[in-house]
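A quick write-up on the structure given underneath.
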Amino acid sequence: MDFYDVVRTRRSIRSYKPDPVPEEVLDRVLEAVRVAPSGSNRQPWRFIIVRDEAVKKRLVSACDNQRFIAQAPVVIVACGFNINYDRGEYMGDMSMLVDVAIAFTHLVLAARNEGLGTCWVGAFNNEEVKKVLGIPGDVNVVAVTPLGYPKDENAFTEPGDRKPLNEITSTDKF
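Each residue of the sequence shown is one higher than the one before, counting from 0 in numbering that gives the first Met the number 0.
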């Protein structure tokens, strides 16, 4: 699939088929995470792959009861380690969010390339997700996504209304 088609047609999918994700497909998606860039190559992340139905259901309650999360055959939880680096001299301890977000973006784009749907879930209770998955106290959850084949055969469409480039870019100054 053409890269720009992947970018244009990636959508937040909230309805999944029960079809399993083949291991080789999941491996390719996770490889995209593995090679993602990070500041000073710190790679301050851990991605947890969840397939257990009971664990997925517990994640639903930790993610504002968004039931579609457990509908997918796989749920991936992206975690970040505090890198003790103050990016931009204002981000403080949570500057790892940038690196994990880059890797997570690689994941959702690779998933789209494989015909898989994702939904970047940011509505979750960090402490509850940590408890469900046994995540250590000094590690934080950055994002959650279900991963699976969309139920709707026409799920991957071009975006709706977007601002024109001249409203979101400038040259040489703000």
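Beta carbons are placed, not taken as given, at the ideal position from N, Cα and C, and that holds for glycine.
If you draw a straight line from the Cα of Asn139 to the Cα of Cys78, it comes to about 5 Å. Under DSSP, the beta-bridge partners assigned to Ile75 are Ile48 and Thr144. Short of 8 Å from the beta carbon of Lys16, and not among the five residues preceding or following it, lie these beta carbons of its own chain, in chain order: Gly147, Tyr148, Pro149 and Lys150. Put simply, the backbone Cα of Gly136 is about 24 Å away from that of Glu52.
Just measuring C-alpha positions, the residue of Ile47, Gly38 and Leu58 sitting nearest Glu126 is Leu58.
One Cα belongs to Asn81, the other to Ala100, and the distance between them is close to 14 Å.
For the options Glu113, Thr156, Asn83 and Ile47, the alpha carbon positioned closest to that of Thr8 is the one of Thr156. Here the alpha carbon of Ala71 sits roughly 44 Å from the alpha carbon of Lys172. Burial check for Leu106: the Cβ neighbour count within 10 Å reaches 16 or more, so the residue is buried.
Between Val54 and Val131 the beta-carbon gap is near 7 Å, inside 8 Å, which marks them as a contact. Secondary structure note for Thr104: its alpha helix (DSSP H) is the uninterrupted segment Met95 to Asn112.
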